[in-house]
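Undergrad:
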Amino acid sequence: MVTGWQNREFQLIFLAIVVGLGAAFIAVRFLRLNFLFGIVVFFFVFFLIFDRASVQQKALVKTYQASISDSTLVVQNILDMKGIPYRKSGSSRFLLEKDGVEISLKHVSGTYGGDPGTVLTLIPHDPDSWQLIFSLRQKLDEAFRPRGL
Numbered sequence: 000m001v002t003g004w005q006n007r008e009f010q011l012i013f014l015a016i017v018v019g020l021g022a023a024f025i026a027v028r029f030l031r032l033n034f035l036f037g038i039v040v041f042f043f044v045f046f047l048i049f050d051r052a053s054v055q056q057k058a059l060v061k062t063y064q065a066s067i068s069d070s071t072l073v074v075q076n077i078l079d080m081k082g083i084p085y086r087k088s089g090s091s092r093f094l095l096e097k098d099g100v101e102i103s104l105k106h107v108s109g110t111y112g113g114d115p116g117t118v119l120t121l122i123p124h125d126p127d128s129w130q131l132i133f134s135l136r137q138k139l140d141e142a143f144r145p146r147g148l
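Sequential numbering from 0 applies to the sequence shown in numbering that gives the first Met the number 0.
Rendered as structure tokens:
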């Protein structure tokens, strides 16, 4: 189970570096091109892969031990409490069009005897939306925190 917020961007950067180095090695070694041209090939491939990555790859993801209906209510309450205008798309997607953020909820069944939960994804559609995402992340963690007796 995911215990903290995870981001796939590191894996994407690692993939871009490996493929870029492979392309540069092939350009220098087998095509007998200049070393500086190999560096240009590396950067070209790196930025091509990193730029073409979907927004989903740059999203923050966390799993909570709550039903999808409870999670939907929690997200709705947080957005209403913060006064953020949103549009609901389907039963488990919230679009914050003004701020360039999408909140997606997905039910996951428990594996290996684990409890079922909900995967919450914060997807930035605008580079300026990270401040709001970090604020939402903190509020969501507080709202989903188990309460003691």
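Glycine included, every Cβ here is placed at the ideal spot set by N, Cα and C. Note that the coordinates shown come from a computational prediction; the quantities given were computed from them, not determined experimentally.
Does the separation of the CB atoms of Leu135 and Leu121 fall below 8 Å?
TA: Here residue 135 refers to the residue found at position 136 of the sequence shown. Here residue 121 refers to the residue found at position 122 of the sequence shown. Cβ distance < 8 Å, so Leu135 and Leu121 count as in contact.
Undergrad: Apart from the five residues just before and just after Gly3, which ones in its own chain have a Cβ nearer than 8 Å to its Cβ?
TA: Position 4 of the sequence shown, counted from the first residue, corresponds to residue 3. Lys61, listed in sequence order.
Undergrad: Between which two residues does the beta strand (DSSP E) holding Lys105 run?
TA: For the purposes of this step, residue 105 is taken as residue 106 along the sequence shown, with counting starting at 1. 100-107 is the span of the beta strand (DSSP E), which, as asked, contains Lys105.
Undergrad: Measuring alpha carbon to alpha carbon, tell me which of Ala58, Ala26, Ser128 ends up nearest Lys97.
TA: Counted from its first residue, the sequence shown places residue 97 at position 98. Ranking Ala58, Ala26, Ser128 by Cα distance to Lys97 puts Ser128 first.
Undergrad: Over the uninterrupted alpha helix (DSSP H) stretch that includes Leu20, give me the two end residues.
TA: As a first step, residue 20 is located in the sequence shown; it is residue number 21 there, counting from the start. 8-28 is the span of the alpha helix (DSSP H), which, as asked, contains Leu20.
Undergrad: Looking at the strands, I want to know which residues DSSP matches up with Arg86.
TA: The residue labelled residue 86 in the question sits at position 87 within the sequence shown. In DSSP, Arg86 forms a bridge with Leu94.
Undergrad: Gly37 by DSSP, collapsed to three states: which one?
TA: Indexing the sequence shown from 1 puts residue 37 at position 38. DSSP places Gly37 in helix when its eight states are reduced to three.
Undergrad: Return helix, strand or coil for Gln130, following the three-state DSSP convention.
TA: Numbered from 1 along the sequence shown, position 131 holds the residue referred to as residue 130. It is helical.
Undergrad: Is the distance from the Cβ of Leu94 to the Cβ of Arg86 below 8 Å?
TA: Taking the first residue of the sequence shown as position 1, residue 94 is located at position 95. Taking the first residue of the sequence shown as position 1, residue 86 is located at position 87. It is a contact, given that the beta carbons lie within the stated cut-off.
Undergrad: Could you compute how far the alpha carbon of Phe34 sits from the alpha carbon of Ala22?
TA: Translated into positions along the sequence shown, residue 34 becomes position 35. Translated into positions along the sequence shown, residue 22 becomes position 23. When rounded, the distance between both Cα atoms is 12 Å.
Undergrad: Express the C-alpha separation of Phe43 and Asp125 in angstroms, rounding to a whole number.
TA: Here residue 125 refers to the residue found at position 126 when the sequence shown is read from its first residue. Here residue 43 refers to the residue found at position 44 when the sequence shown is read from its first residue. Rounded to whole angstroms, Asp125 to Phe43 spans 24 Å at the Cα level.
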